[in-house]
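**Q** Pasting in a structure now, in structure tokens, and then I'll have a few things to ask.
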Amino acid sequence: MAYNLLRERWIPVRCQSGATDWIAPHQIAERDDPPVAIASPRPDFDGALIQFLIGLMQTTAAPKDKRAWERRYEQPHSPEELREQFATVELAFNLDGDGPRFMQDLTLTPAKKDELPIGALLIDRMGEVNLADKSDLFAKPDRYPALGLPAAAMALFALQSNAPAGGSGNRTSLRGGGPLTTLVAGANLFSTVWLNVLPAPDFALATKFGNAELSAPEATFPWLAPTRTSEGGRATTPLDIHPAQHFWALPRRIRLVVATNDLGTCAATGQNEVRVVRAYHARNLGVNYEGEFRHPLTPYALVNPNEPLNPKKPKGGIPYRDWPQFVAGDSTHEPARVVQAFHAQRRFEVARDVRLWAFGFDMDNMKPRAWHQGVTPLVPIESERQDAFRAVLSGLVEASESVRKTLLNKVKEAIARRPQDLPGDIAATLNAAFWMRTEASFFEAISAVRDVLPDVERLAPISERWLEALHQAALALFETYSQANGDFVAADVRRVAVAWNELRRFTHPNSPLLRKAVGLAVKEPELKKPKTKRSKKKEDLP
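Spelled out as structure tokens, the structure:
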């Protein structure tokens, strides 16, 4: 019997009791010791698995309207109900066998020249086939000689969902290479999944550019039919797919080499004596997704007024300066549709303990620079107050960015006379330290802003506290990083002192530029009283 991802217990989770376990998808709704989070061995696998579960629920069990969504949030499905719902698409989730395979090319004929080691399926190991020829300190060859079937499925879904540029004819994911994903995270695994499921009519509208009239199974699960390859330059547009294919896109032509009796140790999970996959076949010219797709789990941005919105990428990390774009949006940024629904459908009235979970690979074409993720508060705001909320957030971030850039410049001036003498990573290191040091104050500020709106008169104390927090952070970080080029005693003390004084003046809470940014009145400088000559009294004379 085929290894089926809807029947097998292949998803690693952490339960409410703290124990770890393996579950089948329908067991996310277990009542006894319910799973609270994915607990895979890799963060990109965590991201892949939560998207897998959301996509599965959206495809098979979407509620008919907002009221139905609320009822299910308060009274979740039973595992038996989910098993029945998921069974309707079971044929599409066989990982091995002779017929259609989950996220694998149906008609790819295996050829030795197309065979790659299974480790190369991992996005951070995509060059593994050539690692033996390179001197690389971190990416050692053969680190992943075998993956168990669960890990192979996780790696396969992660690659198809995030597929970066991979050379001639190797297609990127439906969201481009290395997209950013933003989710609404709840108190347990079921709530996290359900918070990111949209009512069926809204889902068709949310993905916006799919063809909901397509009823053939392969319009949702493209591996059920011969791959719609991009040979001859053929593109796949939103009109060619069902909206649900946003979760099940197939940009890469892959076929796992799965032997029936090959037992070994999974290099990812550490499981012993399990069925393993050691290789896969790959060919280029998979599905070429072109057009204005709109994945419901990704925020989008307007880069060129004459072009469609582009999916956001986690370039340089996920600092809180981007949080307003992910949550409230603005004229050029659109939050993920699931985040929009959290506010527009007032889901915060039934879902109290929620956060924003953002993650993704920072890609340089086909080279992964880093995996970034962050979990931050998700401050609910009613739609009628969102415009005012956006305006205040914009000011808070503007002030923060002004202080950050000035801090970086003054530290550079303090530690080196010439740009070529600066430590190579000073900008990335100092930026990260600044965001980390001020993040708690930022979220305290925005929570306070939410509580006082629309009474703008009560915003002033919040803005004053924010400017003071930025000022203190800048001075403390300067003290640390102005000595980054050696001992303070050996540094140019005068140069450091000048930079310190300029930083202190610019970042002071009375700085006109910063006060204007956050909407505070600029304080007029105090005029010094002219000194008057005191007439000498008789007793003062010698």
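The opening residue of the sequence shown carries number 1408 in this note's numbering; numbering runs sequentially from there. Ideal placement from N, C-alpha and C gives every residue a C-beta, glycine not left out.
Can you give me the Cβ contacts of Ala1840 inside the same chain, cut-off strictly under 7 Å, excluding the 5 residues immediately before and after it?
**A** Contacts found: Leu1884.
**Q** Going by beta carbon distance, what residues of the same chain come within less than 7 Å of Leu1566, once the five residues before and after it are set aside?
**A** Within the same chain, Leu1566 has close Cβ partners Leu1528, Ile1530 and Arg1659.
**Q** What are the start and end residues of the beta strand (DSSP E) that includes Asp1428?
**A** Segment Thr1427 to Ile1430, the beta strand (DSSP E) holding Asp1428.
**Q** Taking the beta carbon of Asp1862 as the centre, do at least 16 other beta carbons fall within 10 Å, making it buried, or is it exposed?
**A** Exposed.
**Q** For Val1604, count neighbouring C-beta atoms within 10 Å of its own C-beta (all shown protein chains included) and say buried if the count is 16 or more, exposed if not.
**A** By the 10 Å Cβ count, Val1604 comes out buried.
**Q** Under a Cβ-count criterion, where at least 16 other Cβ atoms within 10 Å of its own Cβ denotes burial, should Asp1543 be classed as buried or exposed?
**A** The predicted model places Asp1543 with a pLDDT of 42, which falls under 50 and marks its position as unreliable; any figure quoted below should be read in that light. Burial call: exposed.
**Q** Quick check on the burial criterion: 16 or more other C-beta atoms within 10 angstroms. Buried or exposed for Gln1492?
**A** By the 10 Å Cβ count, Gln1492 comes out buried.
**Q** For Phe1766, which residues does DSSP report across the bridge?
**A** DSSP, once it has assigned bridges, lists Thr1588 and Gln1780 as partnering Phe1766.
**Q** Can you tell me where the alpha helix (DSSP H) holding Asp1453 begins and where it ends?
**A** Residues Pro1450 to Ala1468.
**Q** Have a look at Gln1876 and Tyr1888 and give me their C-alpha separation to the nearest angstrom.
**A** Reading off the sequence shown, one finds Ala at residue 1876, where the question assumed Gln. The alpha-carbon atoms of Ala1876 and Tyr1888 are separated by roughly 18 Å.
**Q** Here's the rule: buried if 16 or more other CB atoms are within 10 angstroms of the residue's CB, otherwise exposed. What is Val1420?
**A** Val1420 is buried by the Cβ-count criterion.
**Q** Just to check my reading of the structure: Leu1803 and Val1925 have Cβ atoms closer than 8 Å, yes? What is that Cβ distance to the nearest angstrom?
**A** Indeed they touch by this definition, with Cβ atoms about 6 Å apart.
**Q** On the CB-based measure, 16 or more other CB atoms within 10 Å of its CB, does Ala1666 come out buried or exposed?
**A** Label assigned to Ala1666: exposed.
**Q** In terms of residues, what are the limits of the beta strand (DSSP E) holding Leu1670?
**A** Per DSSP, Leu1670 belongs to the beta strand (DSSP E) from Arg1660 to Gly1671.
**Q** By alpha-carbon positions, which one of Ala1499, Cys1422 and Leu1554 ends up nearest to Leu1413?
**A** Comparing Cα-Cα distances from Leu1413 to each of Ala1499, Cys1422 and Leu1554, the minimum goes to Ala1499.
**Q** Ends of the alpha helix (DSSP H) at Glu1886?
**A** Per DSSP, Glu1886 belongs to the alpha helix (DSSP H) from Ala1867 to Tyr1888.
**Q** In this structure, how does DSSP classify Val1818 when only helix, strand and coil are distinguished?
**A** Val1818 falls in the helix class under three-state DSSP.
**Q** Indicate whether the contact test is met: 3 or more Cβ pairs, each with one atom in the region 1618-1638 and one in the region 1662-1682, closer than 8 Å.
**A** Judged by Cβ distances under 8 Å, the region 1618-1638 makes no contact with the region 1662-1682, as fewer than three pairs qualify.
**Q** Can you check which of these residues, Thr1836, Gly1671, Ser1575 and Arg1662, is closest to Tyr1687 by C-alpha distance?
**A** Out of Thr1836, Gly1671, Ser1575 and Arg1662, Arg1662 has the C-alpha closest to the C-alpha of Tyr1687.
**Q** According to DSSP, which residues form a beta bridge with Asn1411?
**A** In DSSP, Asn1411 forms a bridge with Asn1501.
**Q** Three-state secondary structure (DSSP) at Gly1724?
**A** DSSP places Gly1724 in coil when its eight states are reduced to three.
**Q** Taking just the CA atoms, how far does Ala1553 sit from Gly1526?
**A** Cα-Cα distance, rounded: 7 Å.
**Q** Should the region 1723-1739 be called in touch with the region 1833-1847, which here means at least 3 C-beta pairs below 8 Å?
**A** Yes: the two stretches touch, three or more of their Cβ pairs being nearer than 8 Å.
**Q** For Arg1865 and Glu1846, I'd like the C-alpha separation in whole angstroms.
**A** Taking the straight line joining both Cα atoms gives about 22 Å.
**Q** List the endpoints of the continuous beta strand (DSSP E) containing Arg1578.
**A** Segment: none, Arg1578 is in no beta strand (DSSP E) and carries neither H nor E.
**Q** Using the Cα positions of Lys1930 and Asn1917, report the straight-line distance between them to the nearest angstrom.
**A** Distance between the alpha carbons of Lys1930 and Asn1917 is about 7 Å.
**Q** So, at 8 Å on beta carbons, what are the nonlocal neighbours of Leu1692 in its own chain, with the 5 sequence-adjacent residues on each side left out?
**A** Cβ within range, chain order: Gly1576, Arg1578, Thr1636, Ser1637, Glu1638 and Arg1660.
**Q** So, at 6 Å on beta carbons, what are the nonlocal neighbours of Gln1423 in its own chain, with the 5 sequence-adjacent residues on each side left out?
**A** Excluding positions up to five away in sequence, the list reads Asp1440, Pro1441 and Val1443.
**Q** Use the C-beta contact count for Leu1463: other C-beta atoms within 10 angstroms, 16 or more gives buried, fewer gives exposed.
**A** With 16 or more other Cβ atoms within 10 Å, it is buried.
**Q** Please name the residue or residues paired with Ile1418 in a DSSP beta bridge.
**A** The partner list for Ile1418 (beta bridge, DSSP) reads Ile1430.
**Q** On a Cα-Cα basis, can you pick out the residue from Ala1906, Arg1902, Leu1921 and Arg1901 that is closest to His1878?
**A** If we check each option's Cα against that of His1878, Leu1921 comes out closest.
**Q** With 16 other CB atoms within 10 Å as the buried threshold, where does Glu1625 fall?
**A** Its Cβ being crowded by 16 or more others within 10 Å, Glu1625 is buried.
**Q** Straight-line CA distance for Val1905 to Lys1720?
**A** Roughly 38 Å between the two C-alpha positions.
**Q** Just to confirm before moving on: does the CB-CB distance between Phe1654 and Gln1458 stay below 9 Å?
**A** In contact: Phe1654 and Gln1458 (Cβ atoms closer than 9 Å).
**Q** Can you name, in chain order, every residue of its own chain whose Cβ lies under 7 Å from the Cβ of Ser1568, other than the five neighbours on each side?
**A** Hits under 7 Å: Ala1455, Gln1458 and Ser1580.
**Q** Apart from the five residues just before and just after Trp1429, which ones in its own chain have a Cβ nearer than 8 Å to its Cβ?
**A** So the qualifying residues of the chain are Arg1416, Trp1417, Ile1418, Pro1419, Val1420 and Pro1557.
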